[in-house]
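A.B. asks: Pasting in a structure now, in structure tokens, and then I'll have a few things to ask.
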Amino acid sequence: MIVIGEKISVMAKKVREALMNRDAKPIQDLAVAQANAGAHYIDVSIGPAEDDGPQLMDWAVKIVHEVVQKPICLDTTNVKAMEAGIKAHNNAWGLPIVNSTSNEPERFPMLELAGKYGTKVVALTLGKGGLPADAEDRCVIASEIMARGMEFGVPMENILLDPLILQIATMQNQALQSARAIRMFKDLNDPPMSTVVGLSNISNGAPKHVRHIINRYYLAMLIMEGLTHAIIDPLDKDMMDTAKTVEMIMGKTMYAHSYLEM
Amino acid sequence: MALVIPKESYSGKIYNVTLGTGAKAVTIGGASALPYLAFEGTFPNKPAVALEVTDIAPDDWPETVKKAVSGAASNPVQWAKFCQQNGADAVALRLIGTHPDQQNKSAEEAAKIAAEVAAAIDIPLIILGSGHVEKDTQVLQAAAAATRGKNCTIGKAVEENYKTIAAAVMANDHKLIAMSQLDVNLAKQLNILLSQMGFDKERIIMDPMSSALGYGLEYTYSVMERIRQAALLQNDPMMQTPVVCDIGANVWKVKETMAADAEVPEWGSLEDRALAWEAVTASAMITAGADMLIMRHPGAAAKTKELIAELMG
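Chains A and B supply the protein sequences, listed in that same order.
Counting from 1, position 164 in the first sequence corresponds to residue 163 in numbering that gives the first Met the number 0; the numbering is continuous, with no gaps.
Counting from 1, position 143 in the second sequence corresponds to residue 142 in numbering that gives the first Met the number 0; the numbering is continuous, with no gaps.
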């Protein structure tokens with residue numbers, strides 16, 4: 000499973016302040032720590048960044064690439080900032096991921112950018128009609144996004160379908176629907192579609208002491224359904240061990256006594 | 000509608016490992032697809048065929064193979080030169096005389112022979128212990144130091160003694176053969192352990208433990224298949240080292256390479272049969288992805304090289 004490290008997020012106070020003050024050090028430290036812990040991509044979330052989005056994303060991408068040779072998952076709702084991030088990205092280490100498009104018209108330009116620059120793109124199965132009711136609903140939305148992707152010249156292998164993980168504390172019945180959608184997404188194309196989740200949303204609103212437990216077990220279930228990418232905290236060793244163990248049990252990696260140390 | 004041949008795509012690749020020095024250095028590995036599927040990947044290097052030499056006279060070798068090296072076999076240096084003249088890509092010096100049940104030669108004596116052989120040939124030298132876990136640590140340590148600068152291939156390191164041998168190989172800038180007993184998981188584990196002690200995994204050659212045709216060869220074959228699948232399809236960095244098959248020592252121990260014509264007339268001539276037994280064993284290992292073979296009979300080695308040339312053609 001491909002790990003997208005989630006730590007550089009505007010939601011975290013330390014990161015938000017560093018972004019505002021253009022203080023590179025705390026952001027670079029998080030990038031290095033996540034890369035060393037096994038992240039394949041580094042997510043850089045700057046939020047809407049309405050005032051100076053393009054400049055901020057350009058700066059953030061460049062300072063991360065000063066310290067890690069990993070592609071970046073560009074996380075913003077600001078289209079101009081997204082384009083600036085794509086342009087600043089050093090593709091020698093892999094293509095960036097545009098995070099994200101959806102079936103909402105205001106998010107279509109993100110998909111268009113992915114087509115224009117040949118990047119990967121997270122496609123959230125969220126439509127204009129509110130939250131999807133079940134796995135079938137998610138598939139309908141996914142198909143519409145895929146069709147639009149073809150119009151914009153996005154190869155199917157560049158689309159990462161996101162089944163939209165919802166809070167278990169308030170919408171318990173959705174957890175299995177999202178899991179089931181992952182398996183169904185794969186069948187929408189040959190070769191199978193890639194999938195991604197923002198995992199921690201499952202435990203949003205739950206007390207802190209149960210959050211990591213819910214996250215970890217849910218990740219195991221999603222990998223079993225065929226999940227290919229996850230936006231998670233790679234510094235959470237239990238989480239990384241869970242992913243490695245499930246993949247090993249599934250025969251995706253070869254067992255050795257020290258498999259967790261790999 | 001035109002027929003489209005389905006192709007597998009591979010995410011991994013076998014490391015290139017260079018053995019020896021100078022113009023006769025040999026590079027093995029580099030495959031980017033399952034063995035010889037040239038329409039799916041590239042095979043930049045042909046498998047190397049090493050001929051075996053022992054530090055003491057090969058008295059326990061069967062007549063057929065002894066005869067093929069006779070005249071040279073009484074002296075390891077002469078014998079190594081004979082192998083080089085007979086088309087070997089490398090010489091594998093097995094220090095069998097150091098085994099306590101053989102002549103129990105000292106590490107110093109063995110190292111001296113290794114250095115002499117290394118100096119006498121241009122092609123790469125492989126230095127093998129006697130297979131005695133404790134004695135090999137001393138012998139291979141001394142041999143590694145005595146051949147410093149020759150980029151030799153030294154082994155075999157096993158789970159019980161890898162630390163000392165790997166340290167000596169690392170300190171003297173050689174390559175290492177890491178052997179596990181017909182077990183992919185233990186093979187991977189040994190490579191992880193070596194990496195964790197700071198040994199560069201791109202200097203390791205894996206020995207999955209060989210056998211002879213008719214005597215469990217299919218187990219080796221399966222293990223090698225599994226190693227290559229993990230290396231290429233699962234992109235497992237610990238399985239991407241080249242593989243060596245030490246077959247001569249197994250082949251020239253079985254009845255088919257020893258039984259006289261009169262004893263089993265229906266088996267045909269011993270001479271042809273024995274040579275074919277080693278060549279056919281080699282061919283199976285080649286098709287399973289072996290990057291290097293250690294063989295005994297120069298005639299069987301020549302046949303194997305013909306096959307390799309055809310496969311690479």
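Ideal placement from N, C-alpha and C gives every residue a C-beta, glycine not left out.
Are there 16 or more other CB atoms within 10 angstroms of the CB of residue 4 of chain B, so buried, or fewer, so exposed?
C.D. replies: Taking the second sequence and counting its residues from 1, the one referred to as residue 4 of chain B is at position 5. Result: exposed.
A.B. asks: Chain D partners of residue 229 of chain B, CB-CB under 9 Å?
C.D. replies: The structure shown contains no chain D; its protein chains are A and B.
A.B. asks: If we call anything under 7 Å between Cβ atoms a contact, is residue 130 of chain A one with residue 99 of chain A?
C.D. replies: As a working note, residue 130 of chain A is residue 131 in the first sequence. As a working note, residue 99 of chain A is residue 100 in the first sequence. Their beta carbons are not under 7 Å apart, which means residue 130 of chain A does not touch residue 99 of chain A by this criterion.
A.B. asks: Using DSSP bridges, identify the partner residues of residue 102 of chain A.
C.D. replies: In the first sequence, residue 102 of chain A corresponds to position 103, counting from 1. Answer by DSSP bridge pairing, in chain order: A:126.
A.B. asks: When you compare the CB of residue 39 of chain A with every CB in chain B, is at least one pair closer than 7 Å?
C.D. replies: As a first step, residue 39 of chain A must be located in the first sequence, where it is residue number 40. By this cut-off, residue 39 of chain A is not an interface position.
A.B. asks: Could you work out which residues of chain B lie near residue 260 of chain A, taking near to mean beta carbons separated by less than 9 Å?
C.D. replies: Here the question's residue 260 of chain A lines up with position 261 in the first sequence. Near residue 260 of chain A (Cβ distances below 9 Å), the residues of chain B are 191, 195.
A.B. asks: Pull up the distance between the alpha-carbon of residue 252 of chain A and that of residue 226 of chain B, whole angstroms please.
C.D. replies: On the first sequence, position 253 is the one that residue 252 of chain A refers to. On the second sequence, position 227 is the one that residue 226 of chain B refers to. Straight-line Cα distance between these residues: approximately 11 Å.
A.B. asks: Does the distance from the C-beta atom of residue 64 of chain B to that of residue 251 of chain B stay below 7 Å?
C.D. replies: Stepping through the second sequence from its first residue, residue 64 of chain B is reached at position 65. Stepping through the second sequence from its first residue, residue 251 of chain B is reached at position 252. Yes.
A.B. asks: Would residue 230 of chain A pass as a contact of residue 3 of chain A if the rule is Cβ separation under 7 Å?
C.D. replies: By one-based count along the first sequence, residue 230 of chain A stands at place 231. By one-based count along the first sequence, residue 3 of chain A stands at place 4. Against a cut-off of 7 Å, the Cβ pair of residue 3 of chain A and residue 230 of chain A comes out as a contact.
A.B. asks: Can you name the residues of chain B whose CB is closer than 8 Å to the CB of residue 285 of chain A?
C.D. replies: Examination of residue 285 of chain A is not possible in this model, given that chain A is present from 0 through 261 alone.
A.B. asks: Can you give me the Cβ contacts of residue 145 of chain B inside the same chain, cut-off strictly under 6 Å, excluding the 5 residues immediately before and after it?
C.D. replies: As a working note, residue 145 of chain B is residue 146 in the second sequence. For residue 145 of chain B, where only same-chain residues beyond five positions count, the Cβ hits under 6 Å are 110, 113, 114.
A.B. asks: Strictly below 8 Å CB to CB, what residues from chain A border residue 373 of chain B?
C.D. replies: With chain B covering only 0 through 312, there is no way to say anything about residue 373 of chain B.
A.B. asks: With a cut-off of 8 Å, do at least 3 Cβ pairs link the stretch 223 to 240 of chain A to the stretch 190 to 198 of chain B?
C.D. replies: They do not touch, by the three-pair rule.
A.B. asks: For residue 244 of chain B, name the three-state secondary structure that DSSP assigns.
C.D. replies: Looking up residue 244 of chain B in the second sequence gives position 245. DSSP places residue 244 of chain B in strand when its eight states are reduced to three.
A.B. asks: Can you find at least 3 beta carbon pairs, one from the stretch 128 to 148 of chain B and one from the stretch 94 to 105 of chain B, that sit closer than 8 Å?
C.D. replies: Cβ pair count under 8 Å is three or more, so yes.
A.B. asks: When the Cα of residue 203 of chain A is compared with those of A:56, A:174, A:0, which residue comes out closest?
C.D. replies: By one-based count along the first sequence, residue 203 of chain A stands at place 204. Comparing Cα-Cα distances from residue 203 of chain A to each of A:56, A:174, A:0, the minimum goes to A:174.
A.B. asks: Along the beta strand (DSSP E) that carries residue 3 of chain A, what are the first and last residues, could you check?
C.D. replies: Along the first sequence, one-based indexing puts residue 3 of chain A at 4. Taken as a continuous stretch (DSSP letters only), the beta strand (DSSP E) holding residue 3 of chain A covers 1 to 8.
A.B. asks: Does the beta-carbon distance from residue 255 of chain B to residue 276 of chain B come in below 7 Å?
C.D. replies: In the second sequence, the residue the question calls residue 255 of chain B occupies position 256. In the second sequence, the residue the question calls residue 276 of chain B occupies position 277. Yes.
A.B. asks: Is residue 44 of chain B close to chain A? Criterion is C-beta to C-beta, closer than 7 Å.
C.D. replies: Against the second sequence, residue 44 of chain B aligns to sequence position 45. No, residue 44 of chain B does not count as interfacial toward chain A.
A.B. asks: For residue 160 of chain B, would you say it is in contact with chain A, using Cβ-to-Cβ distances shorter than 7 Å as the test?
C.D. replies: Within the second sequence, the letter at position 161 stands for residue 160 of chain B. No, residue 160 of chain B lies away from the interface with chain A (no Cβ there is under 7 Å from its Cβ).
A.B. asks: For chain A, is any of its Cβ atoms less than 7 Å away from the one on residue 249 of chain B?
C.D. replies: The residue labelled residue 249 of chain B in the question sits at position 250 within the second sequence. So, not an interface residue.
A.B. asks: Count the CB pairs spanning the stretch 170 to 187 of chain A and the stretch 218 to 225 of chain A that are closer than 8 Å, and state whether there are at least three.
C.D. replies: The stretch 170 to 187 of chain A vs the stretch 218 to 225 of chain A: in contact.
A.B. asks: Would you mind listing the beta strand (DSSP E) stretches within the stretch 10 to 80 of chain B that are 3+ residues and don't spill past its ends, in chain order?
C.D. replies: Qualifying beta strand (DSSP E) stretches, in chain order: 15 to 18, 25 to 28, 47 to 53.
A.B. asks: Where does the unbroken beta strand (DSSP E) through residue 90 of chain B begin, and where does it stop?
C.D. replies: The residue given as residue 90 of chain B occupies position 91 in the second sequence. Residues 89 to 93.
A.B. asks: For residue 219 of chain B, name the three-state secondary structure that DSSP assigns.
C.D. replies: Position 220 of the second sequence, counting from 1, holds the residue named residue 219 of chain B. Residue 219 of chain B falls in the helix class under three-state DSSP.
A.B. asks: Is it buried or exposed for residue 248 of chain A, if we count other Cβ within 10 angstroms and need 16 for buried?
C.D. replies: If you number the first sequence from 1, residue 248 of chain A lands on position 249. Label assigned to residue 248 of chain A: exposed.
A.B. asks: Assess contact between the stretch 304 to 312 of chain B and the stretch 233 to 251 of chain B, defined as three or more Cβ pairs (one per stretch) separated by less than 8 Å. Is contact present?
C.D. replies: No contact exists between the stretch 304 to 312 of chain B and the stretch 233 to 251 of chain B.
A.B. asks: How many angstroms separate the CA atom of residue 33 of chain A from the CA atom of residue 69 of chain A?
C.D. replies: Numbered from 1 along the first sequence, position 34 holds the residue referred to as residue 33 of chain A. Numbered from 1 along the first sequence, position 70 holds the residue referred to as residue 69 of chain A. If I take the Cα positions, the gap works out to 10 Å.
A.B. asks: Whose C-alpha, out of A:45, A:110, A:17, A:48, is nearest the C-alpha of residue 150 of chain A?
C.D. replies: Residue 150 of chain A sits at position 151 when you count from the first residue of the first sequence. Answer by Cα proximity: A:110.
A.B. asks: Would you say residue 184 of chain B reaches chain A, if we count a Cβ-Cβ gap shorter than 7 Å as a contact?
C.D. replies: As a working note, residue 184 of chain B is residue 185 in the second sequence. Output row for residue 184 of chain B: interface = yes.
A.B. asks: I need the boundaries of the beta strand (DSSP E) containing residue 160 of chain A, first residue and last residue.
C.D. replies: Locating residue 160 of chain A in the first sequence gives position 161, counting from the first residue. Run containing residue 160 of chain A: 158 to 161, per the beta strand (DSSP E) assignment.
A.B. asks: DSSP state of residue 44 of chain A, grouped into three classes?
C.D. replies: Mapped onto the first sequence, residue 44 of chain A falls at position 45. Looking at residue 44 of chain A - three-state DSSP - the assignment turns out to be strand.
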